[in-house]
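A.B. asks: Let me begin by handing over the structure; questions about it come next.
Number of protein chains: 2
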Amino acid sequence: MSDSAKTVDGWTHNERPANLHRRFAFNDYAGTRNFLDRLAELSKETGFYPDISFGKTYANVTIHAGDTKTLTAADFEFARRVNTLLPAGGG
Amino acid sequence: MSDSAKTVDGWTHNERPANLHRRFAFNDYAGTRNFLDRLAELSKETGFYPDISFGKTYANVTIHAGDTKTLTAADFEFARRVNTLLPAGGG
């Protein structure tokens, strides 16, 4: 675990209610769909199902704290893995 | 076109801003994914890209009026077609 375990590049860490949020922008619908498909695979693998809202060229991803109302190391790790789904050079 | 061209089964017709909205509930993530995949195909076919928010077992679909700020017959028709994506017997 890094020194900054409570931050993830590009994500906003909100409190009350505790969540991690990031908006991803894409050049076209194909880019958005590709990202969402990869994210669906990651959800199936990890059992994490963030809230997602999207339109033609964007996707907002919100990872809510579970019943403990506190974000866990696993939540932050999931956010980091979402970042790796982006194509090289950004969305 | 039916007598009730400005209504679509299950959808809420909001004004200011004008939009059509429906929440779809599913028994599991597979049901949600199946619906979203069908909706993506419909979007590619029609060129309509509604705003969608979803979690593990639900999807909210919002069809916003375009630049005219008034919903068109095509918007209502798209909503009707979204309804046909549901498995028989509901989501």
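The listed protein sequences correspond, in order, to chains V and C.
Counting from 1 along the first sequence, just add 16 to a position and that's the residue number in the working numbering.
Counting from 1 along the second sequence, just add 16 to a position and that's the residue number in the working numbering.
For glycine and all other residues, C-beta sits at the position ideal for the given N, C-alpha and C.
Which class does residue 113 of chain C belong to by DSSP, given the choice of helix, strand or coil?
C.D. replies: The displayed coordinates of chain C run from 17 to 107. Any statement about residue 113 of chain C would go beyond what the structure contains.
A.B. asks: Counting along the chain, where does the beta strand (DSSP E) carrying residue 41 of chain V start and finish?
C.D. replies: 35-41
A.B. asks: Identify each residue in the stretch 59-91 of chain V for which the Cβ-Cβ distance to at least one residue of chain C is less than 7 Å, and report them in chain order.
C.D. replies: 65, 67, 68, 69, 70, 71, 72
A.B. asks: Would you report the Cα separation of residue 88 of chain C and residue 22 of chain C, rounded to the nearest angstrom?
C.D. replies: 9 Å
A.B. asks: Taking the beta carbon of residue 33 of chain C as the centre, do at least 16 other beta carbons fall within 10 Å, making it buried, or is it exposed?
C.D. replies: The residue is exposed, with fewer than 16 neighbouring Cβ atoms inside 10 Å.
A.B. asks: Measure the alpha-carbon distance for residue 107 of chain C versus residue 75 of chain C and round it to whole angstroms.
C.D. replies: Interpretation of residue 107 of chain C is limited by its pLDDT of 47, a score under 50 that renders its predicted location unreliable; no figure is taken from the coordinates.
A.B. asks: Look at the alpha carbon of residue 18 of chain V and the alpha carbon of residue 69 of chain C, and state the distance between them as a whole number of angstroms.
C.D. replies: Any answer about residue 18 of chain V is weak, because its pLDDT of 44 lies below 50 and its placement is not dependable; what the coordinates show is given next. Taking the straight line joining both Cα atoms gives about 32 Å.
A.B. asks: Let me know the secondary structure DSSP gives residue 26 of chain V once reduced to three states.
C.D. replies: Coil.
A.B. asks: Taking the Cβ atom as the reference point for each residue, do residue 36 of chain C and residue 90 of chain C lie within a distance shorter than 8 Å?
C.D. replies: no
A.B. asks: Should residue 56 of chain V be flagged as near chain C, meaning a C-beta pair shorter than 8 Å?
C.D. replies: Proximity of residue 56 of chain V to chain C, defined by a Cβ-Cβ separation below 8 Å, is satisfied.
A.B. asks: Apply the 10 Å Cβ neighbour rule to residue 47 of chain C and answer buried if 16 or more other Cβ atoms are within range, or exposed otherwise.
C.D. replies: buried
A.B. asks: Near residue 29 of chain C, what residues of its chain come up, given a Cβ to Cβ distance below 7 Å and the 5 sequence neighbours on each side ignored?
C.D. replies: 22, 23, 36
A.B. asks: Do you know how far the Cα of residue 26 of chain V is from the Cα of residue 49 of chain V?
C.D. replies: 20 Å
A.B. asks: Between residue 92 of chain C and the rest of its own chain, which residues show a CB-CB distance below 6 Å, the 5 nearest in sequence each way excluded?
C.D. replies: Once the five neighbours on either side are set aside, the close Cβ partners of residue 92 of chain C are 24.
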